[in-house]
Amino acid sequence: MYKSELKGSLIGKKKEEDQERWKKNSRTSLRRSHLFLCDTWSLHGGGSGGEEDDVCAAVENESDGFTAAYGEKRKRRRSREMEEELKNFIKVWVSAIISISYCCYLPTRIKPGVSRLLSVLPVCVLFLVIPLFLSSVHGTGCTAFFLAFLANFKLILFSFDEGPLFPLPPNLPRFICFTCFPIKPRQNPKSQNQLPKWDFAIKVAIFGMLLHVYDYKHHLSPIVLLLLYSLHSFLEIEIVLMLVKVLVFITLGCDLEPQSDEPYLATSLQDFWGRRWNLMVPAILRPAVYFPVRRIAQRKMSSDMALYLGFFATFLVSGLVHELFFFYFNREMPTGEVTCFFVLHGVCTTAEVAVKKMTFVRRWKISPMVSRLLTVGFVLVTSGVLFFPPLIRSGMISRLFDEALRSIDFFKRKFLTYG
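Just so you know, we're using this note's numbering here: the sequence shown kicks off at 68 and counts up by one.
Written out as structure tokens, the structure reads:
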């Protein structure tokens, strides 16, 4: 399977190379036609040498002017697209804020349970549809994660007085922020973030370098590209969540839990998914999926089997949610590869927990460095086989890099250009 995905990736690269070659040949053909006009002018006695030079220079300038005009027209078109997408993004989030405000006033009128759930369901359906009104990868991805995933799960839990929204936040702004953003108050307010002050700036700098390294992707091996994609995904999620964290801190003035805890230092799959990577996701899936499944399963099976079933169900739901995200990005029917990725990790994590419970295994001591290499290596290899291939085939990876560069250029021209 990996060979077939690699072959698909190489075919995609060849198509891009063919497009670049076609553009270059088109420009070359245009220049040749202009030179032919110059030669024709000379052969038919079109004038003196000076006039001939003037005509050829004019033709050459016309060719360069045509290329420059085409580039400028393309920039203007992209700028209009960015402005239109920004307007749609604002409309989507205004609708979301109005909908969440409606949900904020339910507790005083409706008892928790099925009745409150039915009153919240129209908002949940709206949040499932609302990402389809956006076309950019970044806008669609952020809206899908914050609304279709986080807000929907939190509102469903809220219907039964569970989750981060219970007890009810004291005011509407806090309710809105805690509903649609991956945040929650610190359990120990006195504890301070131990990350270096320059940590965020370093991540932004590395992310900027990655955007330029991607220009040379045709010269990079598949393994290096896999590391590039993984690092890009990690940094982009970190940067977006950090910006949200800063925005909410400025707006609400409350201290927040960190969104990740150095996932590249994970010593096991359970450690990676449960305590290090995107911590708000397991914080939502535990009360929404893991605890209910485990509680129901304990009525029919042993405690250990219920525990394993809860793990597996959580990873299965996570896989289905990611398939939904990929549908938002590509607007194509899911292939099931991403679900297989999370199901595989669910099975492996469950097996890992089961093995750790065995008495004779507890006596083994594995070096933390070895366990980190095995864990991170397994995540990277399975990502290269199941997670990234659908993104590469659909061209979403290229769109992701291209949109990042276009967004930077758009904001530079709109807000940092004077005169």
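All residues carry an ideal CB built from backbone N, CA and C; glycine is no exception.
Query raised in the report: Roughly how many angstroms lie between the CA atoms of Ile433 and His279, to the nearest whole one?
Result: Position 366 of the sequence shown holds residue 433. Position 212 of the sequence shown holds residue 279. For Ile433 and His279, the distance between alpha carbons rounds to 39 Å.
Query raised in the report: Relative to the C-alpha of Leu411, which residue among Asn155, Pro249, Gly386, Pro401 is closest?
Result: Position 344 of the sequence shown, counting from 1, holds the residue named residue 411. Out of Asn155, Pro249, Gly386, Pro401, Gly386 has the C-alpha closest to the C-alpha of Leu411.
**Report entry** Residue from Thr449, Phe379, Thr406 whose Cα sits closest to the Cα of Thr417
**Finding:** For the purposes of this step, residue 417 is taken as the residue at position 350 of the sequence shown. Relative to the Cα of Thr417, the nearest Cα in the group Thr449, Phe379, Thr406 belongs to Phe379.
**Report entry** Straight-line Cα distance separating Thr402 from Leu453
**Finding:** Locating residue 453 in the sequence shown gives position 386, where the first residue counts as 1. Locating residue 402 in the sequence shown gives position 335, where the first residue counts as 1. Taking the straight line joining both Cα atoms gives about 10 Å.
Query raised in the report: Excluding the five sequence neighbours on either side, which residues of its own chain have a C-beta within less than 6 Å of the C-beta of Arg466, listed in chain order?
Result: As a position in the sequence shown, residue 466 is number 399, starting the count at 1. Sequence-distant partners of Arg466 (beyond 5 residues in either direction) whose C-beta falls short of 6 Å from its own C-beta, in its chain, are Val204.
Report task. Buried or exposed for Phe103, please, with buried defined as at least 16 other CB atoms from any protein chain shown within 10 angstroms of its CB. Result -> Within the sequence shown, the letter at position 36 stands for residue 103. Below a pLDDT of 50, predicted positions are generally treated as unreliable, and Phe103, at 45, falls in that range; the measurement from the model is reported next regardless. For Phe103, the number of other beta carbons within 10 angstroms of its own is below 16, and it is reported as exposed.
Query - Residue of Leu292, Phe233, Leu447, Met372 minimising C-alpha distance to Phe408 - result: For this step, residue 408 is matched to residue 341 along the sequence shown. Residue Leu447 is the option with its Cα nearest to Phe408.
Query raised in the report: Would you call Glu118 buried or exposed, if buried means 16 or more other Cβ atoms sit within 10 Å of its Cβ?
Result: The count along the sequence shown starts at 1 and reaches residue 118 at position 51. At Glu118, the pLDDT of 48 sits below 50, so the modelled position is not reliable and the matter cannot be decided from this model.
Query raised in the report: Going by alpha carbons, who is nearest to Leu293 out of Phe478, Ser474, Cys191, Val443?
Result: As a working mapping, residue 293 is identified with position 226 in the sequence shown. Nearest option by C-alpha distance: Val443.
Requested in this report: Note down the Cα distance separating Leu295 from Leu277, rounded to an integer number of angstroms.
Outcome: Reading the sequence shown from its first residue, position 228 is the one you call residue 295. Reading the sequence shown from its first residue, position 210 is the one you call residue 277. When rounded, the distance between both Cα atoms is 7 Å.
Query raised in the report: Given that a residue counts as buried once 16 or more other Cβ atoms are within 10 Å of its Cβ, and exposed if not, what is His299?
Result: Within the sequence shown, numbered from 1, the residue matching residue 299 stands at position 232. Per the 10 Å Cβ criterion, buried.
Query - Residue range of the alpha helix (DSSP H) that includes Glu419 - result: Position 352 of the sequence shown, counted from the start, is the residue given in the question as residue 419. Per DSSP, Glu419 belongs to the alpha helix (DSSP H) from 404-423.
Query raised in the report: How many angstroms separate the CA atom of Trp160 from the CA atom of Asp371?
Result: Position 93 of the sequence shown holds residue 160. Position 304 of the sequence shown holds residue 371. Trp160 and Asp371 have their C-alpha atoms spaced approximately 43 Å apart.
**Report entry** Proximity to Leu184 [Cα-Cα], best of Arg353, Phe227, Arg366
**Finding:** One-based indexing of the sequence shown puts residue 184 at position 117. Taking each of Arg353, Phe227, Arg366 in turn and checking the Cα distance to Leu184, the smallest one comes out for Phe227.
Query raised in the report: Per the contact definition of three or more C-beta pairs closer than 8 Å, is the region 214-232 in contact with the region 142-151?
Result: These segments do not touch.
**Report entry** Segment contact flag, the region 151-160 with the region 228-239, C-beta cutoff 8 Å, min 3 pairs
**Finding:** Short answer: they don't touch.
Query raised in the report: In angstroms, rounded to a whole number, what distance separates the CA positions of Gly275 and Lys284?
Result: Start at 1 with the first residue of the sequence shown, and residue 275 comes out as number 208. Start at 1 with the first residue of the sequence shown, and residue 284 comes out as number 217. Between Gly275 and Lys284, the C-alpha separation is close to 15 Å.
Query raised in the report: Candidates Glu404, Pro179, Phe267: which alpha carbon is nearest Glu305's?
Result: Along the sequence shown, one-based indexing puts residue 305 at 238. Looking at the Cα atoms, Phe267 is the closest of the given residues.
Query - Own chain residues within Cβ distance below 8 Å of Arg361, not counting five before or after - result: Counted from its first residue, the sequence shown places residue 361 at position 294. Apart from sequence neighbours up to five positions away, the residues of its chain that approach Arg361 with a beta-carbon distance below 8 Å are Ala373, Leu374, Leu376, Gly377, ordered along the chain.
Report task. Can you grab the Cα-Cα spacing for the pair Ile167 / Thr207, in whole Å? Result -> Reading the sequence shown from its first residue, position 100 is the one you call residue 167. Reading the sequence shown from its first residue, position 140 is the one you call residue 207. Roughly 19 Å between the two C-alpha positions.
Query raised in the report: In the structure shown, what three-state DSSP assignment does Ile433 receive?
Result: Against the sequence shown, residue 433 aligns to sequence position 366. Correct three-state label for Ile433: coil.
**Report entry** Alpha-carbon to alpha-carbon, Gly320 and Ser327
**Finding:** Here residue 327 refers to the residue found at position 260 of the sequence shown. Here residue 320 refers to the residue found at position 253 of the sequence shown. Ser327 and Gly320 have their C-alpha atoms spaced approximately 21 Å apart.
Query - Selected residue, minimal CA-CA separation from Ala355, among Phe216, Ser297, Phe468 - result: Along the sequence shown, read from residue 1 onward, the residue named residue 355 stands at position 288. Out of Phe216, Ser297, Phe468, Phe216 has the C-alpha closest to the C-alpha of Ala355.
Report task. State the start and end residues of the unbroken alpha helix (DSSP H) segment that holds Asp371. Result -> Counting from one through the sequence shown, the residue named residue 371 turns up at place 304. For Asp371, the enclosing alpha helix (DSSP H) covers residues 370-397.
Query raised in the report: When we look at the beta-carbon of Ile269 and count the other beta-carbons within 10 Å, is it buried (16 or more) or exposed?
Result: Residue mapping note: residue 269 aligns to position 202 of the sequence shown, counting from 1. By the neighbour-count criterion, in which a residue is buried when 16 or more other Cβ atoms sit within 10 angstroms of its Cβ, Ile269 is exposed.
Query raised in the report: What residue does the alpha helix (DSSP H) around Arg361 start on, and which one ends it?
Result: Translated into positions along the sequence shown, residue 361 becomes position 294. Unbroken alpha helix (DSSP H) run through Arg361: 358-364.
Query raised in the report: What are the start and end residues of each continuous beta strand (DSSP E) run of 3 or more residues lying completely inside the region 225-256, in chain order?
Result: With a minimum length of 3 residues, no continuous beta strand (DSSP E) run stays inside the region 225-256.
Requested in this report: Compute the Euclidean distance between the alpha carbons of Cys415 and Leu201, then round it to the nearest angstrom.
Outcome: As a position in the sequence shown, residue 415 is number 348, starting the count at 1. As a position in the sequence shown, residue 201 is number 134, starting the count at 1. Distance between the alpha carbons of Cys415 and Leu201 is about 36 Å.
Query raised in the report: Considering only C-alpha positions, which residue in the set Ile351, Leu214, Tyr331, Glu399 is nearest to Ile165?
Result: Residue numbering aside, residue 165 sits at position 98 when the sequence shown is read from its first letter. Considering only alpha carbons, the answer is Leu214.
Query raised in the report: Roughly how many angstroms separate the alpha carbons of Phe455 and Lys312, rounded to a whole number?
Result: Sequence index remark: in the sequence shown, residue 455 carries index 388 (1-based). Sequence index remark: in the sequence shown, residue 312 carries index 245 (1-based). Using only the alpha carbons, I get a separation of about 27 Å.
Requested in this report: Indicate whether Pro325 and Leu346 have their beta-carbon atoms separated by less than 9 Å.
Outcome: Locating residue 325 in the sequence shown gives position 258, counting from the first residue. Locating residue 346 in the sequence shown gives position 279, counting from the first residue. The answer is yes: Cβ separation under 9 Å.
Report task. Can you have a look at Trp344 and say buried or exposed, based on whether 16 or more other CB atoms are within 10 angstroms of its CB? Result -> As a position in the sequence shown, residue 344 is number 277, starting the count at 1. Trp344 should be labelled buried.
Requested in this report: Tell me whether Leu314 sits in a helix, a strand or coil according to DSSP, three-state version.
Outcome: Here residue 314 refers to the residue found at position 247 when the sequence shown is read from its first residue. Three-state result, Leu314: helix.
Query raised in the report: Alpha carbon to alpha carbon, what distance is there between Asp469 and Gly462?
Result: Taking the first residue of the sequence shown as 1, we reach residue 462 at position 395. Taking the first residue of the sequence shown as 1, we reach residue 469 at position 402. Going from the Cα of Gly462 to the Cα of Asp469 covers about 11 Å.
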